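Report on the structure given below.
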Amino acid sequence: MKDTLSKRFVEIYGKTPEVFAQAPGRVEFIGNHTDYNGGVVMGVAIDKIVMVALAKRSDKKFVFAKAKTGEKIEVSEIAPLDRSKNWVNYPLGVLKFLMEAGLKADFGFEMLDMSSLPAGAGLSSSAAIEMSSAMAFCKLYGFDADLKTMARAGRKSENLFVGMPCGILDQGVSAFGKKDALVFIDCMTEDFSNFPLSPDCKIWLFNSSKKHALVDGLYAERHEECMKASKILSGNGEAKLLRNFSLEDLESAKSSMDDVVYRRAKHVISENDRVLKTRDLLLKGDMEGVGKMLKASHDSSRYLFENSCEELDFLVEAACSQNGVYGARLSGGGFGGAIMALTDSSFGEKEASAICEAYEKKFGVKPAVITCSASDGAKAI
Ligand code: GLA
66 MKDTLSKRFV
76 EIYGKTPEVF
86 AQAPGRVEFI
96 GNHTDYNGGV
106 VMGVAIDKIV
116 MVALAKRSDK
126 KFVFAKAKTG
136 EKIEVSEIAP
146 LDRSKNWVNY
156 PLGVLKFLME
166 AGLKADFGFE
176 MLDMSSLPAG
186 AGLSSSAAIE
196 MSSAMAFCKL
206 YGFDADLKTM
216 ARAGRKSENL
226 FVGMPCGILD
236 QGVSAFGKKD
246 ALVFIDCMTE
256 DFSNFPLSPD
266 CKIWLFNSSK
276 KHALVDGLYA
286 ERHEECMKAS
296 KILSGNGEAK
306 LLRNFSLEDL
316 ESAKSSMDDV
326 VYRRAKHVIS
336 ENDRVLKTRD
346 LLLKGDMEGV
356 GKMLKASHDS
366 SRYLFENSCE
376 ELDFLVEAAC
386 SQNGVYGARL
396 SGGGFGGAIM
406 ALTDSSFGEK
416 EASAICEAYE
426 KKFGVKPAVI
436 TCSASDGAKA
446 I
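Oh and the sequence shown: position 129 is 194 in our numbering, straight run, nothing missing.
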């Protein structure tokens, strides 16, 4: 990929790049919509990546292009661009927030990106572009930032440049990924750690290819409902995120909130418990137990958080009825996209095809199947 990217760079910019970096996409393992509530979450960095290349310019302009189209976008001032050039906001925001952390961009650059991440599968290509850009910018400008600073810059870019009120899951996993390991994030303290995932376990993704038209709006709506719940639970005291409350706290405040807000909060609070239990079960090597947690997480998303859909529910049920599947759940924002299934090594193409055929029979389209292995996080190359 590096050679192809380098050649394409020469075609587009007429010069060779000086800096390369890459970052992986991610699968949300468990912890649905817990991150922006200060909760806990686990993810896996996968073996599909975004790679970026950069070359210095003698002036102060920043030029961005995608390898696919070759279309160039030139920026002289670092501020969010309008919707039609929206994809530039991901790396541009990262640059802005790394500068706030101390990076000095005293010259401009040309940048090109290339991806092996399947589009629209909910594998967070946006975090992969953010983290690969962060690595590349730090190298180009000689700025010594740690992974946490980079992940934070990526999240801020989403929140303030792109307008997506997400948490730090995607950027944290893309930055801190490790081969044969999960990334555990405490989003309150912003602590990132790795937990081994046996190489005998496999992660399979089944992409429903369905995307709710209002997915961004629905994500923001869920965010708002969670904030409403935490505000009610905080009472007159200091405003605290949902992470700080237990199911007992929620039950005692039930009469002061509407049912929708109550159910959103119940999902988030119980999901935090499931993540912690999953971590313990993983450490004990109890994969059957982990599988049960994954399925319980899906059911909670389905009935309480209501960010699933018929297609995802079908895929989860179909996956869970196959031999070799420990558990399955929707992964990521929801409202369409993909489910992940955790399997043992006996699960293979034959079992995956059975799931796809059942889905096709019902919905008339074959889901895309992606197998991934837990891989390393962002790095300059
Ligand atoms: C998206 C967001 C993440 C997280 C998940 C849901 O992937 O980008 O920050 O909120 O949804 O858990």
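We put the beta carbon where it would ideally sit given N, CA and C, even for glycine.
Keep in mind the model is a prediction, meaning the values are calculated, not measured.
#1: Between Y284 and the rest of its own chain, which residues show a CB-CB distance below 6 Å, the 5 nearest in sequence each way excluded?
#2: Could you please give me the residues that DSSP links to I95 through a beta bridge?
#3: Of all the options L146, K244, S189, which has the alpha carbon lying nearest to the alpha carbon of C231?
#4: Let me check you understand the geometry: is the CB of D281 closer than 7 Å to at least one non-hydrogen atom of the ligand GLA?
#5: Could you check if N97 belongs to the surroundings of the ligand NAP, using beta carbon to heavy atom distance under 7 Å?
#6: Straight-line CA distance for K131 to A419?
#7: Name the residue from F172, L369, D378, V105 whose alpha carbon lies nearest to the alpha carbon of M253.
#8: Would you mind reading off the limits of the beta strand (DSSP E) that contains T459?
#9: Compute every distance between the C-beta of M291 and the non-hydrogen atoms of the ligand GLA, then say whether any falls below 7 Å.
#10: What separation, rounded to the nearest whole angstrom, lies between the Cα atoms of C437 and R91?
#11: Can you give the Cα-Cα distance for V355 and E416, rounded to whole angstroms?
#12: Within its chain, find whatever has a CB closer than 6 Å to the CB of V381; leave out the 5 residues flanking it on each side and keep chain order.
#13: In or out: S410 buried (at least 16 other Cβ within 10 Å) or exposed?
#14: Runs of 4 residues minimum, wholly inside the stretch 136–172: which ones carry the alpha helix (DSSP H) assignment?
#15: In the DSSP assignment, what residue or residues form a beta bridge with A130?
#16: Which residues share a DSSP beta bridge with K45?
#17: Count the other C-beta atoms from every protein chain shown that fall within 10 angstroms of the C-beta of P82, then say buried if there are 16 or more, exposed otherwise.
#18: Three or more beta-carbon pairs under 8 Å between the stretch 323–341 and the stretch 384–393, yes or no?
#19: A361 and A193 - do their beta-carbons sit closer together than 8 Å?
#20: Among A170, D314, S191, which one has its Cα closest to the Cα of F113?
#21: Hey, would you say M116 sits closer than 8 Å to L70, going by beta carbons?
#22: Check this for me: beta carbons of M196 and M215, under 8 Å apart or not?
#23: Rounded to a whole number of angstroms, what is the C-alpha to C-alpha distance between Y206 and A304?
#24: Taking Y101 and H288 to be in contact with their CB atoms under 8 Å, please state how far apart those CB atoms are, rounded to whole angstroms.
#25: Tell me the start and end of each unbroken beta strand (DSSP E) in the stretch 170–253 that is at least 3 residues and wholly inside, in chain order.
#26: Give me the Cα-Cα distance between K244 and P261, rounded to the nearest whole angstrom.
#27: Contact check, A166 vs A218 under 8 Å by CB: the rounded distance?
Let me lay it out:
#1: G398
#2: M107
#3: S189
#4: no
#5: Only the ligand GLA can be found as ligands here, which leaves the ligand NAP out of the picture.
#6: 37 Å
#7: V105
#8: This structure gives no information on residue 459, because the portion of the chain shown stretches from 66 to 446.
#9: Checking the sequence, you will find Cys at residue 291 rather than Met. C291 Cβ: outside cutoff for every heavy atom of the ligand GLA.
#10: 10 Å
#11: 20 Å
#12: H363, A393, I404
#13: exposed
#14: 154–165
#15: K137, L177
#16: It is not possible to answer for residue 45, since the shown part of the chain is limited to 66 through 446.
#17: buried
#18: no
#19: no
#20: One detail in the question is off: residue 113 reads as Lys in this sequence, not Phe. Ranking A170, D314, S191 by Cα distance to K113 puts S191 first.
#21: yes
#22: yes
#23: 39 Å
#24: 6 Å
#25: 174–180, 246–251
#26: 9 Å
#27: 7 Å
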